[in-house]
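Q:
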Amino acid sequence: MSQKRSPMFAVIGASSVGTMIEWYDFYIFGSLATLISTKFFPSGNETLAFLSTLATFAAGFIVRPFGALFFGRLGDLIGRKYTFMVTLLLMGGATFLIGCIPAYETIGFISPLLVLLLRLLQGLALGGEYGGAATYVAEHSPAHQRGLMTSWIQTTATAGLIISLVVIAVTRASMSRESFEAFGWRIPFLASAVMIYVSYIIRRNMHESPLFAKAKAEGKTSVNPLKESFGNRYNLKYVLLALLGVTMGQGVVWYTGQFYAMSFIERVMHVPKVQVDSILIWALCLGTPFFIFFGWLSDKIGRKWIMMAGMLVAVLSYRYIYTQMYETVNVQNKTELTAETKFTAELKGADSVYTTTRKYSDGTIFTEAITLKEGVRHTETHVTVTDADKRTLIFWVFIQVLFVTMVYGPIAAFLVEMFPVKIRYTSMSLPYHVGNGIFGGLLPAIATFLVTRAGTINEKAASMGLLPPIDKPYLEGLWYPIVIAAICLVIGVVYLDGKDNRVDD
Amino acid sequence: MNTVKRILGIVWILLGVAAVWYLIYNQAVPLWKAGGENIIAAVIYIFVLCPIIAGSLGCFGWFAWKGEFDE
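Sequence lines, in order, name chains A and B. For the first sequence, my numbering begins at 1 and goes up steadily by one. For the second sequence, my numbering begins at 1001 and goes up steadily by one.
1. For the region 404 to 447 of chain A, which segments carrying the alpha helix (DSSP H) assignment without a break, of at least 4 residues, lie completely within its bounds, in sequence order?
2. Can you name the residues of chain B whose CB is closer than 7 Å to the CB of lysine 460 of chain A?
3. Between A/Ala215, A/Ser6, A/Ser164 and A/Leu467, which lies nearest to histidine 207 of chain A when the distance is taken from Cα to Cα?
4. Hey, is aspartate 1070 of chain B's beta-carbon within less than 8 Å of any beta-carbon in chain A?
5. Keeping to the same chain, check which residues put their C-beta closer than 6 Å to that of threonine 256 of chain A; ignore five residues upstream and five downstream.
6. For leucine 443 of chain A, go through chain E and note every residue whose CB falls closer than 8 Å to its CB, in chain order.
7. Using the C-alpha atoms, what's the distance from valine 494 of chain A back to glycine 1036 of chain B?
8. For the beta strand (DSSP E) containing leucine 489 of chain A, list its first residue and its last residue.
9. Any idea what DSSP makes of methionine 1 of chain A, helix, strand or coil?
10. Which bits of chain A does lysine 1005 of chain B rub up against, with CB to CB less than 7 Å?
11. On a CA-only basis, which of A/Ser229, A/Asp362, A/Lys348 and A/Glu380 is nearest glutamate 374 of chain A? Give me that one, please.
12. In chain A, which residues lie less than 7 Å from valine 1048 of chain B when you measure between Cβ atoms?
13. At the level of alpha carbons, what is the spacing between alanine 1064 of chain B and lysine 220 of chain A?
14. Can you find a CB in chain A that lies within less than 8 Å of the CB of isoleucine 1010 of chain B?
15. Establish whether the CB of leucine 243 of chain A and some CB of chain B are separated by less than 8 Å.
16. I want to verify the contact list: residues of chain B whose CB lies under 8 Å from the CB of leucine 240 of chain A, in sequence order.
17. Just the chain B side, please: which residues come within less than 9 Å of phenylalanine 70 of chain A by C-beta, in chain order?
18. Less than 8 Å between CB atoms is the rule here; does isoleucine 423 of chain A satisfy it with respect to chain B?
19. Does the distance from the CB of proline 444 of chain A to the CB of tyrosine 320 of chain A come in under 8 Å?
20. For isoleucine 153 of chain A and chain B, any beta-carbon pair shorter than 8 Å?
21. What is the residue span of the beta strand (DSSP E) that valine 252 of chain A lies within?
22. So the candidates are A/Thr155, A/Phe70, A/Ser209 and A/Phe366; which of them puts its Cα closest to the Cα of glycine 128 of chain A?
23. Quick one: does valine 1017 of chain B have its CB under 8 Å from some CB of chain A?
24. When the Cα of valine 268 of chain A is compared with those of A/Pro142, A/His382 and A/Glu22, which residue comes out closest?
25. What does a CB cutoff of less than 6 Å around valine 17 of chain A pick up in its chain, not counting 5 residues either side in sequence?
26. What is the residue span of the beta strand (DSSP E) that serine 352 of chain A lies within?
27. For valine 490 of chain A and glycine 1055 of chain B, I'd like the C-alpha separation in whole angstroms.
28. What is the rounded straight-line gap between the Cα of alanine 103 of chain A and the Cα of serine 31 of chain A?
29. Give me the chain B residues within the contact set of isoleucine 411 of chain A, using Cβ-Cβ distance strictly less than 7 Å, ordered along the chain.
30. For a contact defined as C-beta to C-beta under 7 Å, what are the partners of isoleucine 438 of chain A on chain B?
31. Taking buried to mean at least 16 other C-beta atoms within 10 Å of its own C-beta, is proline 1051 of chain B buried or exposed?
32. Lysine 300 of chain A: buried (16+ other C-beta within 10 angstroms of its C-beta) or exposed?
33. Chain A partners of alanine 1042 of chain B, CB-CB under 9 Å?
34. Rounded to the nearest angstrom, how far is the Cβ of leucine 190 of chain A from that of phenylalanine 96 of chain A, given a contact under 8 Å?
35. Does any residue of chain B bring its CB to less than 8 Å from the CB of valine 434 of chain A?
In structure tokens:
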């Protein structure tokens, strides 16, 4: 009996759109985290701060591998199509409900608990989505175009990030700041319901993966995908190789080129968030087509060496790139127009705000606001960059996005080709989400720790009258992705055989 | 190349041990001592990240040492 097949463009569209929306749902929480914390986890309460950290950490990385295991197993038992429809609805439902939950001041402690639960559901859904989408597209693709076809899935994480930034920016711009902080922030969450519904309708009309349908018809599916994936020595070694030789390095390169770059420009270089978002959107838009290019290229010259080259150039160039970014905005390299320096003091009862504004010959504006509120001093610094400097920063972030496209473009096809049909969804999902969710997700925490420690070491030396031993402490956070990617590079070069495997085994 | 793969197996096992030591003594312990919500991060390092790193590098190194990746 011949299996029904959906046209390739419909397969790619149904998979990519849904996956992109799931990424959008996941990212809007992170993008609005600061505002959300004031609604559900207001400061001054230790327990709420605890729950807030748990929501960030646990949903960001612990839960994703569990989602990979749960939904991977489901996908190998009942099929790819139905499983990644479940993940779509789970993500959409959780996101929509986050937008509906009343704030802490309205319903008390139940509010942050519900947000935490829904955030965990988001993480579970995301853990199940990617493996299903990549497998579904790959199992429809002709062998010589598998890299190209699956590369569309690879654009979805970045596309989801772009759309989340744009939707939030448009929502902010359409109302006053007070309105956005009061209720406007809920709109991006509620809007997800429409997107998810559209994607659900598209996916509902698709056929099951032909390879899975064939395997099921022939009685060749697995009865225990988890045991066969991880309890079988032969397959377990390939799961470990996928993690340590591919996804671990890909995860840190991915997070460095997008999230760490964004965080570095905002928190270390003090560029205002509006400009940071603009820089990132431009760099991502310019870089996204290269996911398709490197996916296509991997069909021509093989996948292994493109991914390894991406890790190599990242390892060798990260410190140089971030130095260039830092020095672009460093006001010590600029000529101050001292005559235009302004100092203002604003007194509000017992509180006060002292603002210093400095201007530079190239148009850069440096603002430092020292707030004294209830005896506590808080300093906020901003460096508003010129259009020329903004273009420079876009260029350097774009270069990092290129590295991301090299390691990520071919990886879906590569992971699919590593594992047989009957345990594919399970076996490829776990190393992907451990590599990205855990090794990549930990990057902000570990990088911040390394930078802080470097600053402390230099301060200690200075207090003892010694020269600071660490030349550029702001670069110390990069050692984490550099070391992880370097280890992954060595393992990948030595142990991956680089021969593309048959998908229909 | 098979010899290189096997010898590197020992390296990966030792790397797993070193990574766990670093994470516990340089990250988890200071976070635990800092208290508050930092305890969550410490628990995650100790009970999630360390087993994953030790387990994956240890198993992978063992497989490599035993020639499971030989051509």
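Glycine included, every Cβ here is placed at the ideal spot set by N, Cα and C. Since this is a predicted model, take the numbers as computed values, not measurements.
A: In terms of the structure at hand:
1. Runs of the alpha helix (DSSP H) inside the region 404 to 447 of chain A: 411 to 418 and 424 to 433.
2. As a position in the first sequence, residue 460 of chain A is number 460, starting the count at 1. Taking the beta carbon of lysine 460 of chain A as reference, no residue of chain B falls within 7 Å; the closest one sits roughly 15 Å away.
3. In the first sequence, the residue the question calls residue 207 of chain A occupies position 207. Residue A/Ser6 holds the alpha-carbon nearest to the alpha-carbon of histidine 207 of chain A among A/Ala215, A/Ser6, A/Ser164 and A/Leu467.
4. Sequence index remark: in the second sequence, residue 1070 of chain B carries index 70 (1-based). Cβ-Cβ to chain A under 8 Å: no for aspartate 1070 of chain B.
5. In the first sequence, counting from the first residue as 1, residue 256 of chain A sits at position 256. Around threonine 256 of chain A: Pro481.
6. The structure shown has no chain E; the protein chains it does contain are A and B.
7. The sequence position of residue 1036 of chain B within the second sequence is 36, counting from 1. The sequence position of residue 494 of chain A within the first sequence is 494, counting from 1. Distance between the alpha carbons of glycine 1036 of chain B and valine 494 of chain A is about 43 Å.
8. Position 489 of the first sequence, counted from the first residue, corresponds to residue 489 of chain A. Here leucine 489 of chain A belongs to no beta strand (DSSP E); instead the alpha helix (DSSP H) covers 479 to 495.
9. Counting from 1 along the first sequence, the entry for residue 1 of chain A is found at position 1. A caution first: methionine 1 of chain A carries a pLDDT of 45, below 50, which makes its placement in the model unreliable, though a value can still be read off. DSSP, read as helix, strand or coil, puts methionine 1 of chain A in coil.
10. Within the second sequence, the letter at position 5 stands for residue 1005 of chain B. The contact set of lysine 1005 of chain B on chain A, defined by CB atoms closer than 7 Å, consists of Val494 and Tyr495 in chain order.
11. Within the first sequence, numbered from 1, the residue matching residue 374 of chain A stands at position 374. Considering only alpha carbons, the answer is A/Lys348.
12. Taking the second sequence and counting its residues from 1, the one referred to as residue 1048 of chain B is at position 48. The contact set of valine 1048 of chain B on chain A, defined by CB atoms closer than 7 Å, consists of Ile62 in chain order.
13. To locate residue 1064 of chain B, count along the second sequence from 1; it is residue 64. To locate residue 220 of chain A, count along the first sequence from 1; it is residue 220. Using only the alpha carbons, I get a separation of about 30 Å.
14. To locate residue 1010 of chain B, count along the second sequence from 1; it is residue 10. False, the Cβ-Cβ gap to chain A never drops below 8 Å.
15. Indexing the first sequence from 1 puts residue 243 of chain A at position 243. Nearest CB-CB separation between leucine 243 of chain A and chain B: below the 8 Å threshold.
16. Looking up residue 240 of chain A in the first sequence gives position 240. Ordered by position in chain B, the residues that pass the 8 Å Cβ test against leucine 240 of chain A are Ser1056, Cys1059, Phe1060 and Phe1063.
17. Taking the first residue of the first sequence as 1, we reach residue 70 of chain A at position 70. Within 9 Å Cβ-Cβ: nothing; phenylalanine 70 of chain A doesn't reach chain B, min ~17 Å.
18. Walking along the first sequence from the start, residue 423 of chain A turns up at place 423. The beta carbon of isoleucine 423 of chain A sits no closer than 8 Å to any beta carbon of chain B.
19. Here residue 444 of chain A is taken as the residue at index 444 of the first sequence, counted from 1. Here residue 320 of chain A is taken as the residue at index 320 of the first sequence, counted from 1. No, Cβ-Cβ distance for proline 444 of chain A and tyrosine 320 of chain A is not below 8 Å.
20. Within the first sequence, the letter at position 153 stands for residue 153 of chain A. No, no contact with chain B.
21. Reading the first sequence from its first residue, position 252 is the one you call residue 252 of chain A. Careful: valine 252 of chain A lies outside any beta strand (DSSP E), inside the alpha helix (DSSP H) at 248 to 255.
22. Taking the first residue of the first sequence as 1, we reach residue 128 of chain A at position 128. Here the closest residue by C-alpha is A/Phe70.
23. Locating residue 1017 of chain B in the second sequence gives position 17, where the first residue counts as 1. Under the Cβ criterion of 8 Å, valine 1017 of chain B is not counted among the residues facing chain A.
24. The residue you call residue 268 of chain A lines up with position 268 of the first sequence. Nearest of A/Pro142, A/His382 and A/Glu22 to valine 268 of chain A, Cα basis: A/His382.
25. By one-based count along the first sequence, residue 17 of chain A stands at place 17. These residues qualify, in order along the chain: Ser199.
26. The count along the first sequence starts at 1 and reaches residue 352 of chain A at position 352. Note, serine 352 of chain A: beta strand (DSSP E), 351 to 359.
27. Counting from one through the first sequence, the residue named residue 490 of chain A turns up at place 490. Counting from one through the second sequence, the residue named residue 1055 of chain B turns up at place 55. Cα to Cα, valine 490 of chain A sits roughly 19 Å from glycine 1055 of chain B.
28. Residue 103 of chain A sits at position 103 when you count from the first residue of the first sequence. Residue 31 of chain A sits at position 31 when you count from the first residue of the first sequence. Using only the alpha carbons, I get a separation of about 18 Å.
29. Residue mapping note: residue 411 of chain A aligns to position 411 of the first sequence, counting from 1. Contact annotation for isoleucine 411 of chain A against chain B: no contact, minimum CB-CB distance about 18 Å [criterion: below 7 Å].
30. Within the first sequence, numbered from 1, the residue matching residue 438 of chain A stands at position 438. Simply Leu1049 and Ile1052.
31. As a first step, residue 1051 of chain B must be located in the second sequence, where it is residue number 51. Proline 1051 of chain B comes out exposed.
32. Within the first sequence, numbered from 1, the residue matching residue 300 of chain A stands at position 300. Answer is exposed; the Cβ neighbour count stays below 16.
33. Looking up residue 1042 of chain B in the second sequence gives position 42. Listed along the chain, the chain A residues whose CB falls inside 9 Å of the CB of alanine 1042 of chain B amount to none; the nearest CB is some 11 Å away.
34. Position 190 of the first sequence, counting from 1, holds the residue named residue 190 of chain A. Position 96 of the first sequence, counting from 1, holds the residue named residue 96 of chain A. The C-beta distance from leucine 190 of chain A to phenylalanine 96 of chain A rounds to 6 Å, short enough to fall under 8 Å.
35. For the purposes of this step, residue 434 of chain A is taken as residue 434 along the first sequence, with counting starting at 1. Nearest CB-CB separation between valine 434 of chain A and chain B: below the 8 Å threshold.
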